[in-house]
Amino acid sequence: MRVAMIGTGYVGLVSGACFSEFGVDVVCVDRDASKIERLKKGEIPIYEPGLDELVKNNVEQGRLTFTTDLKQAIAGADAVFIAVGTPSRRGDGHADLSYVYGAAMDIAGALTGYAVIVTKSTVPVGTGREVERIIKAARPELEFDVVSNPEFLREGSAINDFMRPDRVVIGAETERAQKVMRQLYRVLYLIETPILFTSLETSELIKYAANTFLAAKITFINEIADLCEKVGADVHDVARGIGLDGRIGKKFLHPGPGYGGSCFPKDTLALVKTAQDYGAPLRIIETVVAVNDKRKRDMADKIIAACGGSVAGKTISILGLTFKPNTDDMRDSPSLAIIPALTQAGAKIQAYDPEGMHEAKKMLPDITYCNDGYETMKDADAVVVLTEWNQFRNLDTKRMKSLLKTPIMVDLRNVYTPADMKAAGFTYICIGRPKA
Ligand code: UDX
């Protein structure tokens with residue numbers, strides 16, 4: 214089996230490396246020559262645990278190669294994956310499909326025989342059909358099938374999510390295309406992974422429905438957490454109490470400062486727009502988007518309130534900048550809403566993130582970056598846990614107190630327990646749990 218993976222971003226690189234681990238020959242293509250050069254040298258442009266090792270092993274075994282030469286990559290491939298970016302289009306929230314359609318044109322020009330063209334990027338309903346139209350128009354004589362095969366990869370655990378997924382969704386409408394896809398995922402058949410074959414449109418919608426549902430679940434528990442604070446209930450007990458009901462499920466009920474990342478914010482917005490375009494508005498998701506946006510700003514108010522109603526002239530220590538741990542991804546991170554609101558209110562920010570600072574410096578140039586978590590606390594008026602990196606989970610409270618001007622902690626990820634923090638002499642503010 215031979216696969217060409219177009220786009221060596223997050224999804225393309227992880228998928229390419231994982232398919233090669235499945236024993237498939239994979240050629241990863243990107244227009245960015247410097248990126249391809251770096252990959253050839255074994256330098257991985259993103260932070261994803263285990264990815265460097267996986268790439269290295271498969272490159273060494275000759276199953277994974279990198280090139281800028283699209284024609285050479287596509288010639289003789291059984292499947293060509295489109296894994297290019299689909300950013301939110303400026304202004305209207307629709308997904309920007311120019312890279313996907315550009316790739317379709319390139320593929321049309323390079324195919325030498327039957328191949329399955331697979332959209333791996335998250336694309337709005339109808340995109341696969343348009344890719345099909347573009348290729349057909351350019352090469353009417355060509356035999357090919359277009360397939361939708363959405364990814365459900367979480368940053369930080371993407372390799373495991375690829376290798377041991379809950380399910381694989383494949384929108385493939387011909388026997389021939391299904392056969393190629395079955396062969397590609399043969400390894401997962403052997404471990405009895407449910408593989409769901411659907412139509413193109415259904416598969417495309419499954420991806421959006423899954424992500425928007427999860428975003429709604431998080432937003433739901435965040436609002437319940439706010440209510441818990443008002444009525445004196447504990448959100449973790451509520452989450453457990455409802456999560457044990459098999460119909461609800463325990464996962465994705467952890468309250469926090471609002472979801473971020475490369476997928477949920479973009480995908481919720483894109484589905485809202487698609488639904489509006491089709492005259493079938495998704496009121497629930499519209500509300501989720503609005504509530505989550507507001508929540509990020511509200512977190513700044515929570516921090517200001519914890520500091521006695523004003524942060525003017527005060528120093529705030531920030532632990533964690535990325536939207537979640539084990540990634541260097543800053544896209545739509547709550548920190549990008551919270552920190553500017555704090556600086557606007559007159560606060561000085563001292564921040565540290567284990568992997569995200571390189572990216573963060575481009576987006577938040579005017580704050581002080583420190584070398585570790587403790588350094589951020591030096592002479593600070595309060596410390597905020599913004600991202601739950603492991604190294605922030607077990608901080609030495611004595612040392613923290615010796616560094617901080619006032620022992621105030623705002624824990625936006627509920628990493629610590631109110632009773633322990635009270636015993637350690639901290640004023641402790643968290644999300645949806647009663648004071649000790
Ligand atoms: C997500 C989906 O999980 C994945 O299936 C999809 O294909 C891509 O988008 P990812 O963005 O990597 O993956 O992160 P995820 O772990 O899902 O977290 C998303 C956001 O929700 C983060 O900001 C996280 O902090 C937040 N979150 C998650 C919560 O606030 N509470 C939770 O219980 C779970």
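Under my numbering, the first residue of the sequence shown is numbered 214, with each subsequent residue one higher. Glycine included, each C-beta is placed from N, C-alpha and C at the ideal position. Being a predicted model, the structure only gives us computed values, none of them experimental.
- Are three or more beta carbon pairs between the stretch 558 to 568 and the stretch 511 to 529 nearer than 8 Å? Output reads yes: the stretch 511 to 529 touches the stretch 558 to 568.
- Task: Could you name the residues of the same chain whose beta carbon sits closer than 6 Å to that of residue 581, not counting the 5 residues immediately before and after it, in chain order?
- Result: Excluding sequence neighbours, residue 581 sits near 563.
- Query: Is any heavy atom of ligand 1 found at a distance shorter than 7 Å from the C-beta of residue 495?
  - Reply: No, the Cβ of residue 495 stays beyond 7 Å of every heavy atom of ligand 1.
- When DSSP labels each residue in this structure, what does residue 224 get in the three-state scheme? In this structure, residue 224 counts as helix in the three-state DSSP scheme.
- Query: What are the uninterrupted segments assigned as alpha helix (DSSP H) that are 4 or more residues long and contained completely in the stretch 292 to 352, given in chain order?
  - Reply: Within the stretch 292 to 352, the complete alpha helix (DSSP H) segments at least 4 residues long are 311 to 323, 340 to 351, listed from N- to C-terminus.
- Task: Kindly examine ligand 1 and report whether one of its heavy atoms sits closer than 7 Å to the Cβ of residue 261.
- Result: Not under cutoff, so the answer is no.
- Message: Suppose you measure from the CA of residue 629 to the CA of residue 642; what does that come to, to the nearest Å?
- Response: Whole-angstrom Cα-Cα distance: 10 Å.
- For residue 571, count neighbouring C-beta atoms within 10 Å of its own C-beta (all shown protein chains included) and say buried if the count is 16 or more, exposed if not. Label assigned to residue 571: exposed.
- Quick one: is the Cβ of residue 366 within less than 7 Å of any heavy atom of ligand 1? Checking the Cβ of residue 366 against ligand 1 gives yes.
- Query: In chain order, what residues of the same chain lie with their CB nearer than 6 Å to the CB of residue 293, ignoring the 5 residues before and after it?
  - Reply: Residues 217, 287, 320, 328, 330 of the same chain have their beta carbon placed closer than 6 Å to that of residue 293, with the five preceding and five following residues left out of the count.
- Message: One question on the structure: do residue 310 and residue 332 come within less than 8 Å of each other, judged by their Cβ atoms?
- Response: Against a cut-off of 8 Å, the Cβ pair of residue 332 and residue 310 comes out as no contact.
- First and last residue of the alpha helix (DSSP H) that includes residue 518? It spans 496 to 519 - the alpha helix (DSSP H) in which residue 518 sits, taken as one unbroken run.
- Item | Nearest neighbour of residue 537, chosen from 487, 530, 599 [CA to CA] | A check of alpha carbon separations from residue 537 across 487, 530, 599 identifies 599 as the nearest.
- Measure the C-alpha to C-alpha separation of residue 619 and residue 466 and round it to an integer number of angstroms. The straight-line gap from Cα to Cα measures roughly 32 Å.
- Message: DSSP three-state label for residue 404, please.
- Response: Residue 404: coil per DSSP, three-state reduction.
- With a CB to CB cut of under 8 Å and the five nearest residues on each side skipped, what residues in its chain are close to residue 351? If the five residues before and after residue 351 are omitted, its C-beta is found closer than 8 Å to the C-beta atoms of 318, 321, 322, all from its own chain and listed in chain order.
- What residues match up with residue 410 in a beta bridge as DSSP calls it? DSSP lists 383 as partners of residue 410.
- Using the rule of at least 16 other Cβ atoms within 10 Å of the residue's Cβ for burial, across every protein chain shown, is residue 399 buried or exposed? Its Cβ having fewer than 16 others within 10 Å, residue 399 is exposed.
- Of the residues 368, 499, 345, 567, the one placed nearest residue 358, counting alpha carbons only: For residue 358, the nearest C-alpha among the options comes from 345.
- Who are the near neighbours of residue 473 in its chain, counting only those whose CB is closer than 6 Å to its CB and skipping five residues on each side? Same-chain partners within the cutoff: 536, 545, 546, 547.
- Cβ-based neighbour list, residue 583, same chain, cut-off 6 Å, excluding 5 preceding and 5 following: Counting only Cβ-Cβ distances below 6 Å, and skipping sequence neighbours, we find 563, 565, 589.
- Item | Nearest-angstrom Cβ-Cβ length linking residue 221 and residue 243, presumed shorter than 8 Å | Between residue 221 and residue 243 a beta carbon distance of about 4 Å is seen, short of the 8 Å cut, so the two are scored as contacting.
- Under a three-way DSSP split, which group does residue 563 fall into? Strand.
- Item | CB-CB length for residue 509 against residue 470, believed under 8 Å | Rounded, the Cβ-Cβ distance is 6 Å, consistent with contact.
- Query: How about residue 360 and residue 390: are their beta carbons less than 8 Å apart?
  - Reply: Closer than 8 Å, so yes.
- Query: For residue 267, which of helix, strand or coil comes out of DSSP?
  - Reply: Residue 267 falls in the helix class under three-state DSSP.
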